[in-house]
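Engineer:
There are 4 protein chains.
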Amino acid sequence: MNDGVKTIGVLTSGGDAPGMNAAVRAVVRTAIAYGCQVKGIQKGYSGLLEEEIIDLYAGSVSDIINRGGTFLYTARCEEFRTEEGQRKGAEICRKHGIDSVVVIGGDGSFQGARKLAAHGINTIGVPGTIDLDIACTDYTIGFDTAVNTAMEAIDKVRDTSTSHERCSIIEVMGRNAGYIALWCGIANGAEDILLPELYNYDEEALIDHIIANRRRGKKHHIIINAEGVGHSTSMAKRIEAATGIETRATILGHLQRGGSPTAKDRVMASVMGAYAVDALMGGKSNRVVAYKDGKYVDYDIEEALAMQKELDPFQYSVAKILAR
Amino acid sequence: MNDGVKTIGVLTSGGDAPGMNAAVRAVVRTAIAYGCQVKGIQKGYSGLLEEEIIDLYAGSVSDIINRGGTFLYTARCEEFRTEEGQRKGAEICRKHGIDSVVVIGGDGSFQGARKLAAHGINTIGVPGTIDLDIACTDYTIGFDTAVNTAMEAIDKVRDTSTSHERCSIIEVMGRNAGYIALWCGIANGAEDILLPELYNYDEEALIDHIIANRRRGKKHHIIINAEGVGHSTSMAKRIEAATGIETRATILGHLQRGGSPTAKDRVMASVMGAYAVDALMGGKSNRVVAYKDGKYVDYDIEEALAMQKELDPFQYSVAKILAR
Amino acid sequence: MNDGVKTIGVLTSGGDAPGMNAAVRAVVRTAIAYGCQVKGIQKGYSGLLEEEIIDLYAGSVSDIINRGGTFLYTARCEEFRTEEGQRKGAEICRKHGIDSVVVIGGDGSFQGARKLAAHGINTIGVPGTIDLDIACTDYTIGFDTAVNTAMEAIDKVRDTSTSHERCSIIEVMGRNAGYIALWCGIANGAEDILLPELYNYDEEALIDHIIANRRRGKKHHIIINAEGVGHSTSMAKRIEAATGIETRATILGHLQRGGSPTAKDRVMASVMGAYAVDALMGGKSNRVVAYKDGKYVDYDIEEALAMQKELDPFQYSVAKILAR
Amino acid sequence: MNDGVKTIGVLTSGGDAPGMNAAVRAVVRTAIAYGCQVKGIQKGYSGLLEEEIIDLYAGSVSDIINRGGTFLYTARCEEFRTEEGQRKGAEICRKHGIDSVVVIGGDGSFQGARKLAAHGINTIGVPGTIDLDIACTDYTIGFDTAVNTAMEAIDKVRDTSTSHERCSIIEVMGRNAGYIALWCGIANGAEDILLPELYNYDEEALIDHIIANRRRGKKHHIIINAEGVGHSTSMAKRIEAATGIETRATILGHLQRGGSPTAKDRVMASVMGAYAVDALMGGKSNRVVAYKDGKYVDYDIEEALAMQKELDPFQYSVAKILAR
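Quick look at the structure:
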C-alpha cells in the first residue's frame with residue numbers, strides 16, 4: 001500500500017456520460033475504505049483552476065448511482081492546455097492537500113492527467129465517454145446507455161416510419177467514431193448504416209438501395225447516420241427528390257447523453273472507479289484504467305493515447321448481411 | 001340494434017398515433033361480438049380508393065394492443081378531397097359490402113367521414129392524434145404516449161444540460177397546438193415554455209429570464225418550444241450570443257409519434273373503439289366519439305368541427321409559477 | 001386573499017405514490033409566490049407529533065418532480081387517531097407557526113386533516129394513492145404511474161408466457177379496489193380479470209375458459225388478479241392441476257409504488273398542489289381537492305368521505321368483449 | 001465452404017431469453033446469404049419430435065429483433081433425453097432435408113445438440129439463457145436484458161422503501177447462479193447481496209448489519225436475494241421480528257424473462273447467430289459459440305460442458321465495499 005496517498009481528488013471532464021456518477025461513487029467509497037480522504041473537484045480542470053473543490057464522504061454519493069449526468073459537473077478548459085495552467089492546477093492540488101487525482105473522461109482529459117502527473121500529482125484516468133473512441137479499452141463509461149437510448153428512440157421512429165411507409169434518416173452521436181451508429185444499425189435492424197470509418201459515402205448507391213427495397217415490398221427504410229458523415233436534413237431532401245419516397249431526418253442530439261445508466265454502465269463504472277483507487281494505493285500513477293479482452297487492466301497514459309482502434313469488421317459485415 | 005349494419009370497415013388516417021392499434025382491435029372485436037364482419041381499409045382514404053381492403057378476424061388483431069404505429073398504415077390523400085374521390089370511395093365501400101366505416105384520425109379525417117356519410121355510408125369518427133387539437137374532446141388517442149415520450153427525452157437532455165450548466169431549447173411536436181409543450185413544460189419543470197396560443201414570443205424577455213436565473217445560481221435553463229413558435233437552432237445561437245451561456249437546441253421530431261402506447265392510450269382507445277361500434281349498432285352515423293367532462297359521448301361531425309378549444313389558462317399559470 | 005394564512009405546512013401520509021413530490025413542489029412554490037412561508041412535516045402525522053419539521057424554500061424542491069416516492073417520507077401513525085394525538089398535533093403546528101396544512105394522502109389521511117381543522121388549523125387534502133380508491137375524485141396521484149408500471153411488467157410476463165404457452169396469473173395492487181386490475185386487464189389484453197367489485201370469483205368457470213381458449217389455439221392465457229381476490233400462487237397450482245397447462249403466478253408487489261412519475265401524474269399533481277394553496281388563500285379549509293368530470297374542484301372533507309365509488313361497468317364490459 | 005450444408009434448422013430450447021429472436025433472425029438471414037434454405041423447428045426438441053417445422057425466409061424474421069420471448073416457442077422435452085428420442089429427432093431432420101441445426105439455449109440444450117451430432121446432423125450451439133450460467137462464455141443471450149429489467153424494478157422498490165424507511169428483500173432469478181443478483185447488487189447499490197456461490201448465508205450477521213445501518217441513519221436497506229439462497233417472504237418476517245424494522249419481500253419472478261432486448265443482447269445475439277452459420281459453412285459441427293476474453297470463438301460441446309465458471313471475486317469485493 002502506498003502511504004503517500006492520503007487525499008484523493010476526483011473530477012469528471014469533457015462531455016458527460018451516464019455512469020460517471022457510479023464511478024465517482026466507487027472512487028469515494030473505495031478511497032474511504034482505504035482510510036483516505038476524498039475531495040470532489042467540480043467542473044473538471046476548469047473547476048480545479050477556480051478551486052471549486054468540495055469534501056466528499058460516503059454519504060455524499062448516496063442515491064447517485066442511478067442518476068444520469070455528473071453531479072460534479074463538467075466543462076472544457078482552455079487554460080489547462082497551457083503549461084502555466086497545468087502548473088497552477090498541480091499547485092492548487094497541493095494547496096488542498098490532494099496528492100492524487102482520478103480523472104474520469106476521454107482522451108483530452110487524459111492529456112490533462114498526464115500533465116498533472118508530470119507536475120508531481122499521482123493520476124489515474126478512467127475512460128468516460130459515450131463515443132467509445134478511446135483506443136486502449138473495449139468499454140467506456142456511458143456508451144452502453146447511449147446506445148440503448150438511441151436504439152429505443154429509433155424503435156419509435158421506426159413505428160411511425162412503417163405506418164407511413166417512409167424512409168427515415170436518424171443521426172446519432174459519436175463525433176468521428178461510428179460505434180453508436182454501428183450498434184444501432186444492428187440493434188434496430190437498419191437498412192443502411194453510414195459510418196465515418198468504413199463507409200465511403202455513396203449517395204447514389206444508397207438511393208438505388210432504397211428504391212430496390214421498396215420494389216421488394218419493404219415498408220420502411222431506416223438509415224442510421226453517424227455524426228460527421230453528412231448533413232441529415234439535406235440528405236433527406238435529396239433522397240426524397242430522387243426516390244419519390246417521403247423521407248424525414250431525425251437528429252437525436254443531446255438526449256443521447258442523459259438518462260439513468262444501464263446496469264452495464266453502473267457496474268463497470270463502479271468496478272473501474274474501485275480499480276483506479278486500488279491502482280493509486282498500489283503505487284501507480286500516470287495510468288489509465290481499461291477493459292481489454294475481458295479483463296480490467298491499466299496502461300501508461302502516453303501509450304494508451306498512442307493506440308489505434310478500429311471498428312470490428314466482422315460486426316460490420318454482420319450488419320450488412322442482416323439488413324435484408 | 002341496427003339491422004342495416006352488417007360489415008364494418010375501419011381505417012386510420014392522417015398522422016399515426018400510438019393507441020390506434022388498440023382502437024382498431026376494439027372495433028374489430030366489438031363488431032364481431034355483434035355478429036358483424038369487419039374489413040380493414042389500409043393506408044386511409046388512399047387505400048380505400050386503391051381498394052387495399054383486407055378481412056379482419058378476432059385473431060387478426062392479437063398482439064397489437066402494445067404496438068406503436070398503425071398496422072393498417074396511414075396516408076394523406078388528395079384525391080379524396082374531391083367530390084369525385086368521395087363518391088368513388090363510397091362506391092368502393094358498397095362494392096366490398098361495407099355499409100359502415102369507423103375512421104380513426106383527426107379533423108381532416110373526419111371531413112372525409114362526413115363526405116362518406118353524405119354518400120350513404122354510415123360513419124363514426126374516433127379522435128386519433130398526438131396533438132390533442134380536436135376541439136370536441138378532452139382526449140385524443142396518442143397524446144398521452146407522445147407527452148410521456150417527449151418528457152422522458154427531456155429528462156435526459158436535462159441531465160446533460162445540468163452537468164454542463166447549459167441552456168437547452170427542446171422543440172416538441174404539436175403543429176399549431178401547444179398541448180404537448182405545456183404538459184412537458186410542467187412535467188419537466190421547464191424554466192420557459194413557448195406556446196403558439198398564449199405566448200407572444202418575446203426573445204428579449206426570454207434572454208433576461210435566462211440571465212436572471214443564472215445569477216440566482218440555477219444550473220440549467222430548459223426551454224420547451226412548441227413547433228411553430230420559431231426555429232429552435234437559430235434561437236439557440238442568438239441566445240448564446242446574447243447571454244454568453246452555452247445553448248443547444250434539440251428537435252425531438254418523429255420519435256414522439258412512435259412507441260408502445262401508455263396504459264391510458266391503450267385503455268381509452270379501446271373504449272372509444274368499442275363505443276364507435278356501439279354507436280353504429282345503435283343507428284348512429286356522421287358522429288365523432290369524444291371524451292368530454294369525464295364521460296364518453298358523441299357529437300355530430302359538423303358540430304364537432306365547428307367547435308373551438310383553448311389551452312387551460314389555469315394550467316398555464318401553474319406552469320409559470322412552478323418554473324422558479 | 002386570506003391574510004390569516006402565513007405559514008403552510010405540507011405532509012405526505014399513508015402509502016407513498018409517484019407524483020407526491022410534484023404535489024409538494026407545487027405547494028411550496030405556489031405558497032412562496034403568495035408570500036407565505038412553507039414547512040415540510042416529515043413522515044406524515046407521525047413526524048408531526050415528533051416535530052420532524054423542516055423549512056422549505058423554492059430551491060428545496062428543485063429536481064424532485066421526476067422522482068418516485070416522497071422526499072418528505074411517509075408513515076402510519078396510531079397516536080394521531082386519538083383525540084389526544086390530534087390536539088397535540090394542532091398545538092405543535094401552532095408552536096411552529098403553521099396555520100395551515102396541505103395533507104397529501106388517502107381517505108385515512110383526510111380523516112386526520114378533518115381533525116386538525118377541528119382544532120383550528122386550516123387544512124386541505126390532496127388525493128394521493130395508487131389505488132384510485134377515493135370516491136370524490138376521478139384522479140388520484142400515483143394511479144397513472146402504477147398502472148403503467150404494472151402494465152409494462154405484465155407485457156414482459158406475457159412475452160415469456162407466450163414462448164412457453166403458459167397460463168400466467170399476475171397479481172396487481174389495489175387493496176380492495178380493482179382499478180389497477182381493470183386498467184391492466186384492458187391495456188394488456190388479458191384473457192381474464194379478477195376484480196373484488198364486480199366479479200364473483202368462480203374458479204370452475206375460469207378453468208373452463210382457459211381450456212376453451214387453448215382449444216381455440218391461444219398461445220397464452222393471462223389472468224390479472226386484483227389483490228384481495230385470492231391467493232395467486234395456490235390458484236396457479238389448482239389451475240395447473242385442473243387444466244394440465246403450465247401455470248405460474250407473479251405477484252408484482254412493491255415495485256408498483258415506485259418509479260419516476262408519468263406526465264399525467266407530474267402535471268395533475270402539480271396542478272392539485274397549486275389548487276390546494278389557492279384554496280387556502282381563498283379562505284377555504286377542511287376541503288379536499290378533486291378532479292371530477294374534467295374539472296378541478298374541492299369538496300368538504302366529511303362529504304367527500306361519505307361518497308361511494310364504483311368501477312365503470314361500461315369499461316368492464318369492454319374488457320370482457322375485447323378478451324377474445 | 002461446406003457443400004454438405006444445404007438446409008439449416010434452427011430451434012430455441014429451455015427457458016426463453018430476450019435476444020433469442022435476434023439470434024434466429026441472424027441465423028436465417030446469414031444462411032440465406034450463403035444460399036441455404038432455413039427451417040424453423042418450433043417448441044425446441046419437443047417440436048422436432050412432433051415435426052412442428054416451418055419454412056423461414058428473410059421476411060419471416062422481419063420486425064422481430066426488438067421482441068422479447070422467442071417466436072419459435074420453446075419447451076422442455078423428456079423424450080429427447082432418451083437414445084430413442086435422439087435417433088428419432090435425427091431421422092426427422094433428415095426427412096425434412098435438414099442437414100444442420102443451430103440450437104439456441106443452455107447447457108441442457110447443448111446436450112441435445114451433441115446427441116444430434118452423434119446421429120449425423122451438424123449442430124452448433126448458441127448460448128441463450130438469462131442466468132449467464134454457461135461456463136465457456138462470458139456472455140449469454142438475455143442476461144443483459146434480464147439484469148436491466150431487474151435493476152429497473154429494484155430502483156422502483158427502492159423509491160418506496162426509502163419513503164417508508166423500510167427494509168426490502170428482492171429476490172431475483174438465476175437458478176443456482178448469482179450473476180443477476182451480483183450485478184443488481186452493484187447496480188442498485190444494495191446494502192446486502194445473498195449469493196449461492198460465495199455467500200454462506202448468515203442471517204444473524206445480516207440482521208446486525210441492518211441494525212447498524214439504521215443507527216447510522218440509512219433510510220433503507222436493500223437486500224438482493226438470489227433464487228435458491230432462501231425463502232424471501234419468511235426471511236422478511238424473521239428480519240422484521242428481529243429488528244423491529246418494517247421488512248417486505250418482492251419476488252420479481254417471470255417479468256425478468258421478457259421485454260424488448262437491450263442493444264447488447266440484440267447485437268451480440270445477432271453476431272452469434274451469424275457466427276454459428278459461418279461455423280457450419282466452414283465445416284464445423286458439435287461446437288458451441290462463445291464470447292470469451294473479448295472475442296467470438298467456438299468450443300467443442302463436450303469440452304464446453306465440462307468447464308467450470310466462478311463469480312468474479314473482484315466484482316464481489318467491489319460490491320461489498322460500495323455498499324456503505
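As you go down the protein sequences, you meet chains C, X, E and P in turn. When you line the first sequence up against UniProt numbering, it's residues 1 to 324, in that order. When you line the second sequence up against UniProt numbering, it's residues 1 to 324, in that order. When you line the third sequence up against UniProt numbering, it's residues 1 to 324, in that order. When you line the fourth sequence up against UniProt numbering, it's residues 1 to 324, in that order. Each residue gets a CB set at the ideal place from its N, CA and C atoms; glycine is no exception. Computed from a predicted model, the values in this text were never measured in an experiment.
In angstroms with no decimal places, state the Cα-to-Cα distance between X:A153 and X:A190.
Structural biologist: If you take the alpha carbons of X:A153 and X:A190, they lie about 13 angstroms apart.
Engineer: Answer yes or no: does any C-beta atom of chain P fall closer than 7 angstroms to that of E:V289?
Structural biologist: no
Engineer: Could you name the residues of chain C that X:H231 contacts, counting a contact when the two beta carbons are closer than 7 angstroms?
Structural biologist: Those do not exist, as X:H231 stays about 12 angstroms from chain C at its closest Cβ, beyond 7 angstroms.
Engineer: To which residues of the same chain is X:E310 closer than 8 angstroms at the C-beta, ignoring the five residues directly before and after it?
Structural biologist: E197
Engineer: What residues of chain C sit near P:I186, judged by a beta carbon separation below 8 angstroms?
Structural biologist: R266, V267, S270 and V271
Engineer: Counting contacts by CB-CB distance shorter than 7 angstroms, is P:D155 in contact with chain C?
Structural biologist: Yes, because at least one Cβ of chain C sits closer than 7 angstroms to the Cβ of P:D155.
Engineer: Taking three-plus beta-carbon pairs below 8 angstroms as touching, is the segment 79-86 of chain E in contact with the segment 32-41 of chain E?
Structural biologist: no
Engineer: Does any residue of chain X bring its CB to less than 7 angstroms from the CB of E:A58?
Structural biologist: yes
Engineer: Would you identify the three-state DSSP class for C:K292, choosing helix, strand or coil?
Structural biologist: strand
Engineer: Nearest CA to the CA of E:I222: which residue from E:R257, E:D155 and E:R215?
Structural biologist: E:D155
Engineer: Can you tell me the Cα-Cα spacing of X:S46 and X:E79, whole angstroms?
Structural biologist: 8 angstroms
Engineer: If contacts are defined as beta-carbon pairs under 8 angstroms, then C:V126 and C:V103 qualify, I think. What distance do you get, rounded to the angstrom?
Structural biologist: 7 angstroms
Engineer: What's the C-alpha gap between C:K218 and X:A17?
Structural biologist: 21 angstroms
Engineer: Can you grab the Cα-Cα spacing for the pair P:D133 / P:S270, in whole Å?
Structural biologist: 20 angstroms
Engineer: Check whether the Cβ of X:G106 lies closer than 7 angstroms to any Cβ atom in chain C.
Structural biologist: no
Engineer: One question on the structure: do X:I169 and X:A236 come within less than 7 angstroms of each other, judged by their Cβ atoms?
Structural biologist: yes
Engineer: Would X:V288 and X:F110 be called neighbours here (beta carbons separated by less than 7 angstroms)?
Structural biologist: yes
Engineer: Pull up the distance between the alpha-carbon of C:S13 and that of C:A181, whole angstroms please.
Structural biologist: So the two alpha carbons sit approximately 24 angstroms from each other.
Engineer: What does the Cβ neighbour count give for X:M151, buried or exposed, with the cut at 16 atoms within 10 Å?
Structural biologist: buried
Engineer: Are C:A33 and P:I321 closer than 7 angstroms when you measure CB to CB?
Structural biologist: yes
Engineer: Using the beta-carbon count (16 or more within 10 Å), is P:H231 buried or exposed?
Structural biologist: exposed
Engineer: Under 6 angstroms Cβ to Cβ from residue 333 of chain X, same chain only, skipping five residues before and after it: list those, please.
Structural biologist: It is not possible to answer for residue 333 of chain X, since the shown part of chain X is limited to 1 through 324.
Engineer: Using CA coordinates, which residue listed in E:T140, E:A75, E:L11 and E:N188 is at the minimum distance from E:S100?
Structural biologist: E:L11
Engineer: Using a Cβ-Cβ distance under 7 angstroms, would P:M151 count as near chain C?
Structural biologist: Yes, P:M151 counts as interfacial toward chain C.
Engineer: I'd like the list of long-range same chain contacts for E:G282, defined as Cβ closer than 7 angstroms, with 5 residues on each side in sequence excluded.
Structural biologist: N2
Engineer: With distances taken from CA atoms, which of E:T160, E:V297 and E:E303 is nearest E:M272?
Structural biologist: Among E:T160, E:V297 and E:E303, the Cα nearest to that of E:M272 belongs to E:V297.
Engineer: Report yes or no: do three or more beta-carbon pairs, one from the segment 86-97 of chain P and one from the segment 57-66 of chain P, lie closer than 8 angstroms?
Structural biologist: no
Engineer: Run through the segment 218-248 of chain C for me and flag every whole beta strand (DSSP E) of 3 or more residues, listed as ranges in chain order.
Structural biologist: 221-226
Engineer: In or out: E:Q308 buried (at least 16 other Cβ within 10 Å) or exposed?
Structural biologist: exposed
Engineer: Less than 7 angstroms between CB atoms is the rule here; does P:I8 satisfy it with respect to chain C?
Structural biologist: no
Engineer: Quick check on C:P313: does DSSP put it in helix, strand or coil?
Structural biologist: helix
Engineer: Which runs of the alpha helix (DSSP H) fall wholly inside the segment 76-138 of chain X and span at least 4 residues, in chain order?
Structural biologist: 83-95 and 107-118
Engineer: If you drop the 5 nearest sequence neighbours on each side, which residues of the same chain put their C-beta closer than 7 angstroms to that of X:G120?
Structural biologist: If we look at X:G120 and ignore the five residues flanking it on each side, its Cβ neighbours are A90.
Engineer: Give me, in chain order, the residues of the same chain whose beta-carbon lies closer than 6 angstroms to that of P:W183; leave out the 5 immediate sequence neighbours on both sides.
Structural biologist: V147
Engineer: Look up C:Y299 in the DSSP assignment and say whether it is helix, strand or coil.
Structural biologist: strand
Engineer: Please decide whether X:D192 counts as near chain E, where near means a Cβ-Cβ distance under 7 angstroms.
Structural biologist: By this cut-off, X:D192 is not an interface position.
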